[in-house]
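Order-wise, the sequence lines are chains A and F. In this text, residue positions in the first sequence follow the working numbering: the first is 141, and each later residue adds one. In this text, residue positions in the second sequence follow the working numbering: the first is 58, and each later residue adds one. Inspection log for the structure reproduced underneath, given as structure tokens.
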Amino acid sequence: MIAPAVSSDQPYLQLSGITKRFGKFTALSAITLAVERGKLMIFLGPSGCGKTTLLRIVAGLETQDEGTIVQGGRDISRLPAMQRDYGIVFQSYALFPNLTIFANVAYGLVNRRKGQEAIKRRVAELLKLVGLPDAGPKYPGQLSGGQQQRIALARALATAPGLLLLDEPLSALDALERLRLRGEIRALQQRLRVTTIMVTHDQEEALSMADKVVVMNQGRIEQVGTPQQIYREPASAFVADFVGKVNVLSAIAEGAGRFRVGSLVLHGATGTESVAPGTRVKLYLRPEDVLVDGAVQSNLNAAPGKVIKVEFLGAFCLVTVALIGAEDQPLVVNLSRHSSDEMNLAEGTALQIGLPPDCMRLL
Amino acid sequence: MTTVAAPLPRGRVKPLANWEDRLAQGLLLASCAVLAVFLVAPLAMILVKSMEDKSGAFVGLQLFREYLQNAALRDSAFNTLWVALVVTAITVPLAFTFAYALTRSCIPWKGGFRLIALTPILSPSMLAAISFIQWFGNQGALKSWMFGNTVYGPIGIIISSVYAIFPHALMIVLTSLLLADGRLYEAAESLGTPRLRKFFTITLPGARYGLVSAAMVVFSYSVSDFGIPKVIGGNFNVLAIDIFKQVIGQQNFNRGAVVSLVLLLPVLLAFIVDWWMQGRQQSQFSARAVPYAPKPSRGFDTAMLIFCLVVCTFMLAVLGMAVYTSFIKLWPYDLSFSLRHYIFGLIDGGVIDSYFNSLKMALLSAVIGTTLVFGTAYLLEKTRGMRTLRAFVRLLATIPMAVPGMVLGLGYIFFFNHPDNPLHFLYGSMLILAASTIVHYYTSSHLTAVTALKALDNEFEAVSASLKVPFYKTFFRVTVPVCLPAILDIARYLFINAMVTISAVVFLYSPDTKVASIAIINLDEAGELGAAAAMSTLIVATSAAMCLIYAGATRWLLGTTQIWRKPPTPA
Numbered sequence: 141m142i143a144p145a146v147s148s149d150q151p152y153l154q155l156s157g158i159t160k161r162f163g164k165f166t167a168l169s170a171i172t173l174a175v176e177r178g179k180l181m182i183f184l185g186p187s188g189c190g191k192t193t194l195l196r197i198v199a200g201l202e203t204q205d206e207g208t209i210v211q212g213g214r215d216i217s218r219l220p221a222m223q224r225d226y227g228i229v230f231q232s233y234a235l236f237p238n239l240t241i242f243a244n245v246a247y248g249l250v251n252r253r254k255g256q257e258a259i260k261r262r263v264a265e266l267l268k269l270v271g272l273p274d275a276g277p278k279y280p281g282q283l284s285g286g287q288q289q290r291i292a293l294a295r296a297l298a299t300a301p302g303l304l305l306l307d308e309p310l311s312a313l314d315a316l317e318r319l320r321l322r323g324e325i326r327a328l329q330q331r332l333r334v335t336t337i338m339v340t341h342d343q344e345e346a347l348s349m350a351d352k353v354v355v356m357n358q359g360r361i362e363q364v365g366t367p368q369q370i371y372r373e374p375a376s377a378f379v380a381d382f383v384g385k386v387n388v389l390s391a392i393a394e395g396a397g398r399f400r401v402g403s404l405v406l407h408g409a410t411g412t413e414s415v416a417p418g419t420r421v422k423l424y425l426r427p428e429d430v431l432v433d434g435a436v437q438s439n440l441n442a443a444p445g446k447v448i449k450v451e452f453l454g455a456f457c458l459v460t461v462a463l464i465g466a467e468d469q470p471l472v473v474n475l476s477r478h479s480s481d482e483m484n485l486a487e488g489t490a491l492q493i494g495l496p497p498d499c500m501r502l503l
Numbered sequence: 058m059t060t061v062a063a064p065l066p067r068g069r070v071k072p073l074a075n076w077e078d079r080l081a082q083g084l085l086l087a088s089c090a091v092l093a094v095f096l097v098a099p100l101a102m103i104l105v106k107s108m109e110d111k112s113g114a115f116v117g118l119q120l121f122r123e124y125l126q127n128a129a130l131r132d133s134a135f136n137t138l139w140v141a142l143v144v145t146a147i148t149v150p151l152a153f154t155f156a157y158a159l160t161r162s163c164i165p166w167k168g169g170f171r172l173i174a175l176t177p178i179l180s181p182s183m184l185a186a187i188s189f190i191q192w193f194g195n196q197g198a199l200k201s202w203m204f205g206n207t208v209y210g211p212i213g214i215i216i217s218s219v220y221a222i223f224p225h226a227l228m229i230v231l232t233s234l235l236l237a238d239g240r241l242y243e244a245a246e247s248l249g250t251p252r253l254r255k256f257f258t259i260t261l262p263g264a265r266y267g268l269v270s271a272a273m274v275v276f277s278y279s280v281s282d283f284g285i286p287k288v289i290g291g292n293f294n295v296l297a298i299d300i301f302k303q304v305i306g307q308q309n310f311n312r313g314a315v316v317s318l319v320l321l322l323p324v325l326l327a328f329i330v331d332w333w334m335q336g337r338q339q340s341q342f343s344a345r346a347v348p349y350a351p352k353p354s355r356g357f358d359t360a361m362l363i364f365c366l367v368v369c370t371f372m373l374a375v376l377g378m379a380v381y382t383s384f385i386k387l388w389p390y391d392l393s394f395s396l397r398h399y400i401f402g403l404i405d406g407g408v409i410d411s412y413f414n415s416l417k418m419a420l421l422s423a424v425i426g427t428t429l430v431f432g433t434a435y436l437l438e439k440t441r442g443m444r445t446l447r448a449f450v451r452l453l454a455t456i457p458m459a460v461p462g463m464v465l466g467l468g469y470i471f472f473f474n475h476p477d478n479p480l481h482f483l484y485g486s487m488l489i490l491a492a493s494t495i496v497h498y499y500t501s502s503h504l505t506a507v508t509a510l511k512a513l514d515n516e517f518e519a520v521s522a523s524l525k526v527p528f529y530k531t532f533f534r535v536t537v538p539v540c541l542p543a544i545l546d547i548a549r550y551l552f553i554n555a556m557v558t559i560s561a562v563v564f565l566y567s568p569d570t571k572v573a574s575i576a577i578i579n580l581d582e583a584g585e586l587g588a589a590a591a592m593s594t595l596i597v598a599t600s601a602a603m604c605l606i607y608a609g610a611t612r613w614l615l616g617t618t619q620i621w622r623k624p625p626t627p628a
């Protein structure tokens with residue numbers, strides 16, 4: 141990679157106040173975001189949240205109505221796609237079907253008046269990089285979806301762009317291939333240290349690959365953070381709900397960090413003491429944070445419960461439990477197969493439930 | 058670095074102009090200009106001329122009033138309509154039954170039947186008229202079948218039209234029947250539904266839009282056709298003949314404009330009905346649909362086989378009679394084989410020049426037309442910017458479907474023959490014949506191109522831009538090679554139609570650019586039916602040769618440049 145021309149404390153890509161409207165519909169409103177050099181940032185959100193539009197604006201395939209984009213110290217806000225510095229991979233691969241794999245990967249190199257030998261070397265290097273060293277003479281139609289996407293990646297990287305853009309690159313693949321390729325892309329990105337933005341609606345993909353995740357909803361950023369932050373400290377109800385599963389309990393504050401759910405009184409996390417009594421709040425709790433039977437021990441928020449439903453999912457079970465005293469708000473608990481087997485859970489089984497105060501978030 | 062903290066600019070961000078986008082937009086503008094000059098301006102001139110008297114003074118609707126008071130003209134409008142309705146009422150059920158036999162029965166020789174049924178496309182419409190004169194005319198072989206009626210008139214027009222239009226209707230209905238979902242029939246079968254009920258509850262509703270579309274195409278064709286009534290119409294007047302008489306016979310251009318607008322009306326109406334119906338059509342053919350596979354059923358299959366045999370015999374009898382007529386000495390007195398119609402009738406008389414003119418015109422139309430149609434469709438589908446212009450060009454591309462050839466041709470006279478028009482030099486040239494043909498057959502070609510382009514990945518252009526390859530390089534390296542089958546299809550379509558067309562060119566040819574279809578009309582007027590048949594046969598042979606070349610080229614392409622289309626080798 142070419143040595144950075146800008147001091148490393150500057151973000152490589154800075155978006156400021158990006159706004160995009162389609163008629164009356166606001167697709168993006170005042171998005172401000174910085175991508176650090178050499179990092180993988182993922183735009184995560186449901187379809188229609190504006191993540192793809194934002195990526196296309198960075199690529200110059202759409203033009204923002206307002207706002208600036210600075211890449212590597214250069215203001216590219218008004219530049220056409222041709223004059224920007226990036227490689228892009230689409231969900232549909234977009235490989236040229238009538239050209240061989242070699243010609244596809246060399247497509248952007250041929251235009252740069254490099255020697256035939258140099259091009260051959262570079263293409264061979266890239267094909268090796270994506271693990272398909274012998275694919276050169278084949279046509280895209282002769283490769284599997286995952287192989288085609290690897291070639292698309294090689295083509296995007298061929299000209300050594302400063303920025304790699306991935307638009308739902310794994311969505312068209314089957315489950316196994318998706319899992320494998322996501323590891324490969326991440327490893328490649330870390331090895332080349334190429335600044336990368338990827339768009340996905342798959343939270344698992346985002347959590348497993350990203351340095352930073354940007355959760356988007358209705359044209360706005362809900363939260364920017366590391367995968368851990370996004371999962372453990374969701375900044376909004378939307379994030380908590382969209383990333384991972386979550387139990388939501390409607391409660392009324394009683395003051396001093398205590399909350400009433402049905403006829404139960406639960407202790408909130410430290411820091412919730414300031415909530416004024418009488419305030420209606422929602423408590424968020426991940427299914428895997430709920431404790432059961434033996435694990436409950438001397439938990440502050442222990443309560444008896446009754447199993448309503450057991451859903452077997454292979455490695456673990458999702459158990460729906462009604463808390464005695466708050467039966468109208470059943471709770472989903474995530475248990476490993478072993479513990480559910482041990483407890484011999486079935487509909488109607490009575491058990492002790494613990495809700496650790498520190499895991500309960502107030503949003 | 059202070060760029061990051063730069064204040065946000067006020068107002069809309071305008072992308073910097075780059076010459077690639079400018080080039081694409083400039084080319085689209087040029088396409089738009091071509092369509093404006095060769096489609097919109099001539100049509101506008103007809104409107105203007107219909108409201109002027111001979112001296113060029115504005116007279117408002119005066120000429121229309123005169124038209125309505127003229128009983129002879131009113132009659133031919135009425136004639137045109139009822140004949141077109143009868144032709145539609147006969148052709149659509151015939152085409153539907155034929156298509157039904159091809160898709161829903163287990164009869165043998167389906168490919169052969171289909172091929173024979175499509176042959177009328179290869180010939181000018183006059184061929185059917187010539188052939189029916191030979192069969193049922195004054196000296197016709199089967200004159201007794203007419204029971205004293207004359208074939209010169211509505212009967213001849215109707216049967217000739219049915220023959221000539223049948224393949225167009227068949228292709229539309231066939232497509233809609235092929236799109237059936239086999240699962241619906243299996244579901245019906247498992248519920249014990251009888252054949253007739255399946256037909257009325259699944260087949261007919263599924264083909265509804267195809268049937269309407271076919272009816273509108275047949276109706277429009279019959280209303281606009283000039284060649285058939287000219288040859289076999291006798292004293293039976295229709296609108297197309299009226300325009301011809303007004304313009305060529307009486308040199309009354311303004312009244313010609315009025316009649317042509319009257320002719321435009323029903324065709325426009327049919328176009329709007331079709332367009333409206335297509336808009337309501339929702340895709341009933343889901344991606345998971347299973348093609349229907351018919352099961353043998355002895356009685357039904359026999360009936361369908363007999364029907365197909367009868368239709369194909371009819372088709373071959375018409376084509377065969379025309380070819381036969383061209384190779385015998387003198388009907389019906391000397392039936393010995395002879396090339397005299399070709400040698401004395403065409404070559405010695407110099408009439409053969411018009412055949413070579415037709416070839417030239419067809420090649421010009423195919424080359425220029427395919428470039429214009431595909432290029433414009435590409436710019437519309439794959440480049441960006443100028444939304445309003447884009448919508449306008451799309452509209453222009455659909456209009457030709459609704460304009461009869463005679464109306465277009467008359468508009469060309471008004472527009473290009475105008476002494477102040479800088480394009481006046483085109484008048485009387487081969488180019489204007491090619492231009493009228495391209496515009497007349499623009500819509501179908503455009504739809505073929507758009508369908509092929511829409512099948513391409515939408516992001517090719519985005520990928521090229523990211524790789525800093527200008528769009529036109531990707532156009533030539535990827536888009537054109539991948540769309541080559543469709544491009545050849547457009548070229549063949551334009552070539553064949555240029556060979557057989559008569560309606561627009563009848564107003565536009567000059568002594569130097571007389572084409573074969575005009576020669577057929579002239580030979581027929583001179584009573585040289587044998588030579589007219591010989592010329593028709595030449596056209597059919599040329600069109601058929603073009604189809605063979607096309608089939609060969611497509612096969613060769615699939616084997617060489619389209620090798621990537623082959624299914625992936627099992628890993």
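Even for Gly, the Cβ is constructed at its ideal location relative to N, Cα and C.
Margin query: Just checking: is the beta-carbon of F:V97 within a distance shorter than 8 Å of some beta-carbon in chain A?
Written below: For F:V97, the closest Cβ of chain A is not nearer than 8 Å.
Next item on the list: Would you kindly work out how many angstroms separate the C-alpha atoms of F:A63 and A:K179, rounded to a whole number?
Entry: In this prediction, F:A63 scores a pLDDT of 46, lower than 50, which makes its location untrustworthy; the coordinate-derived value is nonetheless stated afterwards. Approximately 24 Å, taken between the alpha carbons.
Item checked: Start-end ranges of the beta strand (DSSP E) lying completely within the region 344–431 of chain F, minimum 3 residues -> Within the region 344–431 of chain F, the complete beta strand (DSSP E) segments at least 3 residues long are 385–387, 391–394, listed from N- to C-terminus.
Note to self: Using the Cβ count rule (16 or more neighbours within 10 Å means buried), how would you classify F:D581?
What the structure shows: In summary, F:D581 is buried, with 16 or more beta-carbon neighbours lying within 10 Å of its beta-carbon over all protein chains present.
Next item on the list: Would you mind sorting A:L155 into buried or exposed? The rule is 16 or more other CB atoms within 10 Å of its CB.
Entry: By the 10 Å Cβ count, A:L155 comes out buried.
Margin query: Quick check for students: name the residue ranges of the alpha helix (DSSP H) that lie wholly in the region 190–261 of chain A, counting only runs of 4 or more.
Written below: The region 190–261 of chain A contains these whole alpha helix (DSSP H) runs: 191–199, 241–250.
Next item on the list: Leaving aside the five residues before and after F:W76 along the sequence, list all residues of the same chain whose C-beta is less than 7 Å from its C-beta, in chain order.
Entry: Hits under 7 Å: none found.
Check: Based on the DSSP secondary-structure assignment, which residues constitute the bridge partners of A:A391?
Finding: Checking the DSSP bridge columns, you'll see A:A391 partnered with A:V421.
Notebook entry, point to check: Is the Cβ-Cβ distance between A:V401 and A:I182 less than 8 Å?
Noted result: In this structure, A:V401 lies away from A:I182, with their beta-carbon atoms at least 8 Å apart.
Check: Excluding sequence positions up to five away, which residues of its chain have a Cβ less than 6 Å from the Cβ of A:T419?
Finding: Answer for A:T419: A393, listed in chain order.
Notebook entry, point to check: Within 10 angstroms of its Cβ, does A:H478 collect 16 or more other Cβ (buried), or is it exposed?
Noted result: Taking all protein chains shown into account, A:H478 has fewer than 16 neighbouring C-beta atoms within 10 Å of its C-beta and is therefore exposed.
Next item on the list: Please decide whether A:A221 counts as near chain F, where near means a Cβ-Cβ distance under 8 Å.
Entry: So yes, A:A221 belongs to the interface.
Item checked: Start-to-end residues for the alpha helix (DSSP H) that takes in A:C457 -> It is not in any alpha helix (DSSP H) - A:C457 instead sits in the beta strand (DSSP E) that spans 456–463.
Item checked: Contacts around F:S415, its chain only, beta-carbon distance under 6 Å, and the 5 residues preceding and following it disregarded -> In chain order, M556, V572, A573 place their CB closer than 6 Å to the CB of F:S415, counting only its own chain and leaving out the 5 sequence neighbours on each side.
Note to self: On a Cα-Cα basis, can you pick out the residue from F:S502, F:P476, F:A245, F:I259 that is closest to F:Y550?
What the structure shows: Residue F:S502 holds the alpha-carbon nearest to the alpha-carbon of F:Y550 among F:S502, F:P476, F:A245, F:I259.
Note to self: Taking 8 Å as the limit between beta carbons, can you name the residues of its chain near F:A17, skipping five residues before and five after?
What the structure shows: Given that chain F is displayed from residue 58 to residue 628, the structure contains no residue 17 of chain F and the question cannot be resolved.
Next item on the list: Measure the alpha-carbon distance for A:R398 versus A:L266 and round it to whole angstroms.
Entry: One C-alpha to the other measures close to 59 Å.
Next item on the list: Compare the beta carbon distance of A:L303 and A:D381 with 8 Å and say whether it is the shorter of the two.
Entry: Judged by their CB atoms, A:L303 and A:D381 are not nearer to each other than the 8 Å cut-off.
Margin query: For F:V597 and F:C604, I'd like the C-alpha separation in whole angstroms.
Written below: Going by the C-alpha atoms only, they are around 11 Å apart.
Checklist line | F:S233 and F:A264 closer than 8 Å at C-beta | finding: Yes.
Margin query: Just verifying my parser: in three-state terms, what is the DSSP assignment at A:G157?
Written below: Here A:G157 carries a strand assignment [DSSP, helix/strand/coil].
Next item on the list: With DSSP as the reference, label A:D468 as helix, strand or coil.
Entry: Correct three-state label for A:D468: strand.
Next item on the list: Would you please verify whether the beta carbon of A:I228 is less than 8 Å from any beta carbon of chain F?
Entry: Under the Cβ distance rule, A:I228 counts among the residues neighbouring chain F, one pair being separated by less than 8 Å.
Next item on the list: Measuring only between beta-carbons, confirm whether F:D78 sits less than 8 Å from chain A.
Entry: Yes, because at least one Cβ of chain A sits closer than 8 Å to the Cβ of F:D78.
Notebook entry, point to check: Under 8 Å between C-beta atoms, does F:R69 make it to chain A?
Noted result: By this cut-off, F:R69 is an interface position.
Check: Do three or more CB pairs link the region 137–148 of chain F to the region 511–522 of chain F at distances below 8 Å?
Finding: Contact between the region 137–148 of chain F and the region 511–522 of chain F is absent, because fewer than three Cβ pairs lie under 8 Å.
Next item on the list: List in chain order: all unbroken alpha helix (DSSP H) runs of 4+ residues lying wholly within the region 334–368 of chain A.
Entry: The DSSP assignment places 343–349 as complete runs of the alpha helix (DSSP H) inside the region 334–368 of chain A, in order along the chain (cut-off: 4 residues).
Check: Taking only beta-carbon atoms, is A:G248 less than 8 Å away from chain F?
Finding: When Cβ-Cβ separations below 8 Å define contact, A:G248 makes contact with chain F.
Item checked: Pairwise C-alpha distance: F:P538 and F:K530 -> Between the C-alpha atoms of F:K530 and F:P538 there is a straight-line separation of about 12 Å.
Next item on the list: Answer yes or no: the CB of F:I547 versus the heavy atoms of the ligand SAH, is any distance below 7 Å?
Entry: As for the ligand SAH, it is missing from this structure, which has no ligand bound.
Note to self: Is A:F236 close to chain F? Criterion is C-beta to C-beta, closer than 8 Å.
What the structure shows: Under the 8 Å criterion on CB atoms, A:F236 is classed as interfacial with respect to chain F.
Checklist line | Proximal residues of chain A, C-beta to C-beta of F:K439 below 9 Å | finding: None at all; the shortest Cβ gap to chain A is about 13 Å.
Checklist line | Through-space distance from F:Y607 to F:A185, alpha-carbon basis | finding: Using only the alpha carbons, I get a separation of about 25 Å.
Note to self: Just to confirm the assignment, what range does the alpha helix (DSSP H) spanning F:K287 have?
What the structure shows: 284–289 is the extent of the alpha helix (DSSP H) around F:K287.
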